[in-house]
Amino acid sequence: MNPQSAGSSEYGHNPNSFGFDLHHTDAQSAARRATLHTPRGAVDLPTFMPVGTLGTVKGLDMERVQETGAQIVLANTYHLALRPGDETVAALGELHEFTGWSGPILTDSGGFQVFSLAERAQVTEQGVTFRSHIDGALLDISPERSIAIQEKLGSDIVMAFDHVVELPNEPAVVAEATWRSVRWAERCRRAARRDDQMLLAIVQGGLDSELRRQCSRELVKMDFAGYAIGGLSVGEEPVEMVRTLDATVPELPTDRPRYLMGVGRPEDLLEGVARGIDMFDCVMPTRNGRNAMVFTDEGPLRLRNAVHEHDRRPLDSACPCLACRHSRGYLRHLFQAKEMLGPILASLHNLTYYQRLMADARSAIEQDSFMAFREEKLSRWKAGPIEYVCP
Ligand SMILES: [Zn+2]
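For the sequence shown, the tail end lands on 590 under the numbering used here, and the numbers increase by one without skipping.
If you want it as structure tokens, here you go:
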């Protein structure tokens with residue numbers, strides 16, 4: 200990258216490998232067109248990252264994932280640490296060789312899963328003790344251990360270990376977890392050893408705008424390579440998510456990537472992009488696909504519905520994916536007959552739909568027409584736009 204270019208920055212331990220170029224900010228919103236540079240390739244931002252929980256994007260081999268337009272995938276530290284174990288992944292050539300994905304990989308820290316999946320999680324300042332949701336084994340994880348696991352996994356982007364609490368919750372509980380997450384982020388930063396990984400911090404704070412702002416400021420002082428917004432998409436109203444973004448994003452530096460974790464629906468992606476978010480991940484396209492729900496510009500279709508039985512049209516005549524070479528009637532039949540090809544094709548279509556949405560969003564930002572693009576998509580999805588508040 201050209202270090203002289205406007206809006207670019209270099210950070211981390213290896214300035215030749217990681218970088219962030221901000222190319223353009225939309226004239227009517229905070230939406231931004233940028234590029235994230237990694238040693239394993241560049242990622243056009245804003246981007247959507249398919250979720251490969253256990254080292255596989257469920258149902259799809261990595262060539263198929265790449266064909267959807269994905270440039271970066273996510274893998275889950277908690278799940279891989281339990282099965283097959285980070286030592287085994289390391290012995291099999293780390294995540295890239297293990298999975299066959301040669302592009303950038305982001306691993307989460309395990310924080311969200313420890314607090315949502317594990318049984319009887321006990322938190323102390325040192326870390327968390329919990330029982331595996333698979334076999335009940337007693338395990339512990341700390342900021343240092345999370346970083347060590349992610350270093351064994353060999354991902355390109357690693358996340359700080361955070362304390363995630365359920366929402367809604369007592370303000371004191373949310374505040375305590377937020378400030379613990381800030382202290383843990385500092386410990387992660389000190390623990391990180393590899394110069395071929397970039398570490399992102401996670402802003403917490405529940406739905407408390409002031410706490411979100413304070414948390415952001417403390418993390419920004421520590422000068423991380425990028426910032427994530429965590430603890431959202433946990434059942435709050437969409438308007439609450441938007442309000443939290445409006446409080447948080449303006450606190451984050453413009454020359455670093457911003458990642459909204461675990462979000463979401465297509466309309467949530469566009470609301471995030473409008474507010475200056477660069478990266479998203481969510482299991483929705485694959486999970487819904489496995490359950491016979493596919494995304495289209497006219498809103499979601501439920502393929503099991505009888506209305507599709509004799510329908511010869513593809514899901515989307517403009518979609519280049521393999522599923523769209525077939526009729527809606529055939530895809531419905533696959534689900535009715537419980538053929539494994541049904542979930543595979545629906546997952547492939549949904550991931551392709553998300554990647555095309557983000558590619559179109561990038562073009563719209565470049566042309567200063569993102570807000571018109573957003574309005575058109577929202578009205579066709581019949582979602583009803585959430586009022587946009589300029590941050
Ligand atoms: Zn398709």
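Note that CB positions come from ideal geometry on N, CA and C, so glycine has one too. These numbers were taken from a predicted model, which means no experiment stands behind them.
Tyr-529 to Glu-508, Cα distance in whole Å?
-> On the sequence shown, residue 529 is found 330 positions in, with the first residue counted as 1. On the sequence shown, residue 508 is found 309 positions in, with the first residue counted as 1. Distance between the alpha carbons of Tyr-529 and Glu-508 is about 8 Å.
In chain order, what are the residues with a CB under 6 Å from some non-hydrogen atom of ligand 1?
-> This criterion selects Leu-514, Asp-515, Cys-518, Cys-520, Ala-522, Cys-523, His-548, Thr-551.
How would you write the range of the alpha helix (DSSP H) that Leu-431 sits in, first residue to last?
-> Sequence index remark: in the sequence shown, residue 431 carries index 232 (1-based). No alpha helix (DSSP H) holds Leu-431; DSSP gives it neither H nor E.
Would you check if there are 3 or more beta carbon pairs closer than 8 Å linking the region 378 to 387 to the region 353 to 365?
-> Judged by Cβ distances under 8 Å, the region 378 to 387 makes contact with the region 353 to 365, as three or more pairs qualify.
Could you check what DSSP says for Met-478 in three-state terms: helix, strand or coil?
-> Walking along the sequence shown from the start, residue 478 turns up at place 279. Reduced to three states, the DSSP call for Met-478 is strand.
Taking the alpha carbon of Lys-257 as the point to measure from, which residue in Arg-579, Val-402, Met-539 has its own alpha carbon closest?
-> For the purposes of this step, residue 257 is identified with residue 58 of the sequence shown, where counting begins at 1. Nearest neighbour of Lys-257 by Cα position, chosen from Arg-579, Val-402, Met-539, turns out to be Met-539.
From what residue to what residue does the alpha helix (DSSP H) around Phe-534 run?
-> Walking along the sequence shown from the start, residue 534 turns up at place 335. Unbroken alpha helix (DSSP H) run through Phe-534: 527 to 535.
Runs of alpha helix (DSSP H) lying entirely within the region 345 to 431, each at least 4 residues, in chain order | Taken in chain order, the whole alpha helix (DSSP H) runs of length 4 or more contained in the region 345 to 431 are 370 to 390, 408 to 420.
Which whole-angstrom value describes the C-beta separation of Val-363 and Val-372, a residue pair presumed to lie in contact below a C-beta threshold of 8 Å?
-> Taking the first residue of the sequence shown as 1, we reach residue 363 at position 164. Taking the first residue of the sequence shown as 1, we reach residue 372 at position 173. Incorrect: roughly 11 Å between the Cβ atoms, too far for contact.
Excluding five sequence neighbours on each side, which residues of the same chain lie with their C-beta closer than 7 Å to the C-beta of Ser-301?
-> As a working note, residue 301 is residue 102 in the sequence shown. Taken in chain order, the residues that qualify are Arg-239, His-295.
Could you tell me whether the region 411 to 423 touches the region 432 to 442, where touching means 3 or more Cβ pairs closer than 8 Å?
-> With the rule of 3 Cβ pairs closer than 8 Å, the region 411 to 423 does not count as touching the region 432 to 442.
Is the CB-CB distance between Leu-514 and Leu-547 below 7 Å?
-> Here residue 514 is taken as the residue at index 315 of the sequence shown, counted from 1. Here residue 547 is taken as the residue at index 348 of the sequence shown, counted from 1. 7 Å or more divides the Cβ of Leu-514 from the Cβ of Leu-547.
Close beta carbons around Met-570, own chain, < 6 Å, minus the five adjacent residues each side = Here the question's residue 570 lines up with position 371 in the sequence shown. Non-local beta-carbon contacts of Met-570 in its own chain, meaning distances under 6 Å to residues more than five positions away in sequence, involve Gln-227, Ser-228 in chain order.
Could you pull out every residue in the same chain whose Cβ sits closer than 6 Å to the Cβ of Ile-428, ignoring the five residues on either side in sequence?
-> Taking the first residue of the sequence shown as position 1, residue 428 is located at position 229. Only Val-402, Thr-447, Leu-459 meet the Cβ criterion.
Look up Glu-343 in the DSSP assignment and say whether it is helix, strand or coil.
-> Residue 343 sits at position 144 when you count from the first residue of the sequence shown. Residue state, collapsed to three classes: helix.
Identify whether Thr-453 lies in helix, strand or coil by the three-state DSSP scheme.
-> The residue you call residue 453 lines up with position 254 of the sequence shown. Taken through DSSP and simplified to helix, strand or coil, Thr-453 comes out as coil.
Do you know whose CA, among Ala-390, Glu-266, Cys-481, Thr-234, lies nearest Leu-431's CA?
-> For the purposes of this step, residue 431 is taken as residue 232 along the sequence shown, with counting starting at 1. Taking each of Ala-390, Glu-266, Cys-481, Thr-234 in turn and checking the Cα distance to Leu-431, the smallest one comes out for Cys-481.
CB contact flag (Asp-260, Ile-304, <7 Å) = Looking up residue 260 in the sequence shown gives position 61. Looking up residue 304 in the sequence shown gives position 105. Note that the C-beta distance between Asp-260 and Ile-304 is not below 7 Å.
Does the Cβ of Arg-392 have 16 or more other Cβ atoms within 10 Å, making it buried, or fewer, making it exposed?
-> The residue labelled residue 392 in the question sits at position 193 within the sequence shown. By the 10 Å Cβ count, Arg-392 comes out exposed.
Provide the residue span of the beta strand (DSSP E) that contains Arg-263, from first to last.
-> Position 64 of the sequence shown holds residue 263. Looking at the DSSP string, Arg-263 is not in any beta strand (DSSP E); the run it does join, the alpha helix (DSSP H), is 261 to 266.
Val-462 beta carbon less than 7 Å from that of Ala-230 = Along the sequence shown, one-based indexing puts residue 230 at 31. Along the sequence shown, one-based indexing puts residue 462 at 263. Taking 7 Å as the Cβ cut-off, Ala-230 and Val-462 do not qualify as a contacting pair.
How many Å lie between Leu-338 and Arg-579 at the Cα?
-> Stepping through the sequence shown from its first residue, residue 338 is reached at position 139. Stepping through the sequence shown from its first residue, residue 579 is reached at position 380. Going from the Cα of Leu-338 to the Cα of Arg-579 covers about 48 Å.
Buried or exposed: Lys-581, going by 16 or more other Cβ atoms within 10 Å of its Cβ?
-> In the sequence shown, residue 581 corresponds to position 382, counting from 1. In this structure Lys-581 is exposed. Its beta-carbon is surrounded by fewer than 16 other beta-carbon atoms within 10 angstroms.
Who are the Cβ neighbours of Gly-268 in its own chain at under 6 Å, not counting the five residues just before and after it?
-> Indexing the sequence shown from 1 puts residue 268 at position 69. Excluding sequence neighbours, Gly-268 sits near Gln-554.
Near Asp-285, what residues of its chain come up, given a Cβ to Cβ distance below 7 Å and the 5 sequence neighbours on each side ignored?
-> Counting from one through the sequence shown, the residue named residue 285 turns up at place 86. Residues of the same chain with a CB within less than 7 Å of the CB of Asp-285, apart from the 5 flanking positions on each side, are Leu-279, Ile-348, Lys-351, Leu-352 in chain order.
DSSP beta-bridge partners for Glu-318?
-> As a position in the sequence shown, residue 318 is number 119, starting the count at 1. Bridge partners of Glu-318 according to DSSP: Arg-330.
Compare the C-alpha of Cys-518 against each of Arg-501, Met-557, Thr-495 and name the closest.
-> As a first step, residue 518 must be located in the sequence shown, where it is residue number 319. The shortest Cα separation from Cys-518 among Arg-501, Met-557, Thr-495 belongs to Thr-495.
Could you tell me which residues DSSP puts in a beta bridge with Tyr-458?
-> Looking up residue 458 in the sequence shown gives position 259. In the DSSP output, where bridge partners are listed per residue, Tyr-458 has Ala-427, Met-478.
Simplified DSSP assignment, three categories, for Asp-243 | One-based indexing of the sequence shown puts residue 243 at position 44. The answer is strand: DSSP assigns Asp-243 an E or B state.
Return helix, strand or coil for Thr-551, following the three-state DSSP convention.
-> What you label residue 551 is simply residue 352 of the sequence shown in a count that begins at 1. Of the three classes helix, strand and coil, the one that applies to Thr-551 here is helix, per DSSP.
Along the beta strand (DSSP E) that carries Gly-218, what are the first and last residues, could you check?
-> Indexing the sequence shown from 1 puts residue 218 at position 19. That run of the beta strand (DSSP E) goes 218 to 224.
Phe-247 vs Met-492 beta-carbon contact at 7 Å | On the sequence shown, residue 247 is found 48 positions in, with the first residue counted as 1. On the sequence shown, residue 492 is found 293 positions in, with the first residue counted as 1. It is not a contact, given that the beta carbons lie outside the stated cut-off.
Nearest-angstrom Cβ-Cβ length linking Arg-503 and Arg-531, presumed shorter than 8 Å | Translated into the one-based positions of the sequence shown, residue 503 becomes position 304. Translated into the one-based positions of the sequence shown, residue 531 becomes position 332. Yes, they are in contact, since the Cβ atoms of Arg-503 and Arg-531 sit about 7 Å apart, within 8 Å.
Nearest-angstrom Cβ-Cβ length linking Ala-384 and Leu-410, presumed shorter than 8 Å | For the purposes of this step, residue 384 is taken as residue 185 along the sequence shown, with counting starting at 1. For the purposes of this step, residue 410 is taken as residue 211 along the sequence shown, with counting starting at 1. Incorrect: roughly 15 Å between the Cβ atoms, too far for contact.
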